[in-house]
Amino acid sequence: MPRSFRVALKDPRVIMRGVIGVLLAANLVAAVLAFKPFGGSADDWRRQQADLSRQLAQLQARAANAKRIVDKVELARREGDDFLAKYFTGRRTTYSTVIEELEHTAEQAGIKPRTRSAELNAIEGSDTLEWMSITAGYEGTYASLEKFVNLLDKSPRFLIIETMQAAPEQNSQMLNVTLKLDTFVKEAPGETS
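In the working numbering, the protein residues as written are 1 to 193.
Put into structure tokens, the structure is as follows:
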């Protein structure tokens with residue numbers, strides 16, 4: 001150490017100034033800790049804990065609600081797929097399946113089939129579903145027609161009676177009936193229209 005510095009350390013005024021400086025620094029540190037503790041007071045910590053607990057409860061409620069929604073969407077998707085599988089027929093077999101069912105139902109009801117035609121239409125917004133419109137003519141009594149409509153209503157296929165026109169034959173108990181039926185067709189993957 002240089003000599004002038006050693007002499008300054010032996011001077012009582014320099015030592016007192018150093019001690020006073022250290023005490024002043026210690027007082028400042030004590031004042032900061034006493035009046036504004038780092039990290040906040042106990043009340044600040046309690047308020048912060050309460051806020052965080054409230055936020056946690058809100059986030060848990062949102063997560064539970066989102067999980068319920070996801071579960072409902074998955075259930076709806078499964079039920080929709082089950083509905084399509086149960087009530088909609090494939091494109092390759094729809095015409096023969098529906099016509100066979102109409103003939104079987106007409107035979108059970110006791111009415112005679114006449115002419116029929118079918119037409120496939122695209123459903124806007126769907127890549128896998130089509131709509132088949134069937135126009136069919138029948139001849140039978142009112143009671144047999146009523147039985148035929150009831151049997152169609154209980155059909156395992158999803159058949160919709162769009163229109164029904166009945167006209168009586170002259171001098172007879174028979175009715176000429178024209179039905180327009182709609183059903184839906186699903187396309188299997190890889191099938192093309």
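Built from N, CA and C at the ideal position, the CB exists for glycine as well.
In terms of residue numbering, what span does the alpha helix (DSSP H) encompassing R91 cover? If you number the sequence shown from 1, residue 91 lands on position 91. Here R91 belongs to no alpha helix (DSSP H), and DSSP marks it neither H nor E.
State the beta-bridge partners of W131 as determined by DSSP. Taking the sequence shown and counting its residues from 1, the one referred to as residue 131 is at position 131. Looking at the DSSP assignment, W131 forms a beta bridge with N121 and F184.
Alpha carbon to alpha carbon, what distance is there between I69 and M132? Position 132 of the sequence shown, counted from the first residue, corresponds to residue 132. Position 69 of the sequence shown, counted from the first residue, corresponds to residue 69. Between M132 and I69, the C-alpha separation is close to 34 angstroms.
Could you say if the stretch 147 to 164 and the stretch 97 to 111 meet the contact criterion of at least three C-beta pairs nearer than 8 angstroms? Under the three-pair Cβ rule at 8 angstroms, the stretch 147 to 164 counts as touching the stretch 97 to 111.
For Q178, three-class secondary structure by DSSP: Residue numbering aside, residue 178 sits at position 178 when the sequence shown is read from its first letter. According to the sequence as given, residue 178 is Thr; it is not Gln. T178 falls in the strand class under three-state DSSP.
How long is the line joining the alpha carbons of L56 and A30, rounded to whole angstroms? Counting from one through the sequence shown, the residue named residue 56 turns up at place 56. Counting from one through the sequence shown, the residue named residue 30 turns up at place 30. Distance between the alpha carbons of L56 and A30: 36 angstroms.
Tell me which residues share the same chain as Y87 and place their Cβ nearer than 7 angstroms to its Cβ, disregarding the 5 neighbours each side in the sequence. Taking the first residue of the sequence shown as position 1, residue 87 is located at position 87. So the qualifying residues of the chain are R157 and F158.
Environment of A136 [buried if 16+ CB atoms lie within 10 Å]: Taking the sequence shown and counting its residues from 1, the one referred to as residue 136 is at position 136. Buried: at least 16 other Cβ atoms inside 10 Å.
Where does T141 fall in DSSP's three states? On the sequence shown, residue 141 is found 141 positions in, with the first residue counted as 1. Three-state DSSP puts T141 in coil, outside helix and strand.
Environment of Y142 [buried if 16+ CB atoms lie within 10 Å]: For the purposes of this step, residue 142 is taken as residue 142 along the sequence shown, with counting starting at 1. By the 10 Å Cβ count, Y142 comes out exposed.
Is DSSP giving Q49 helix, strand or coil here? Taking the first residue of the sequence shown as 1, we reach residue 49 at position 49. If DSSP states are grouped into helix, strand and coil, Q49 belongs with the helices.
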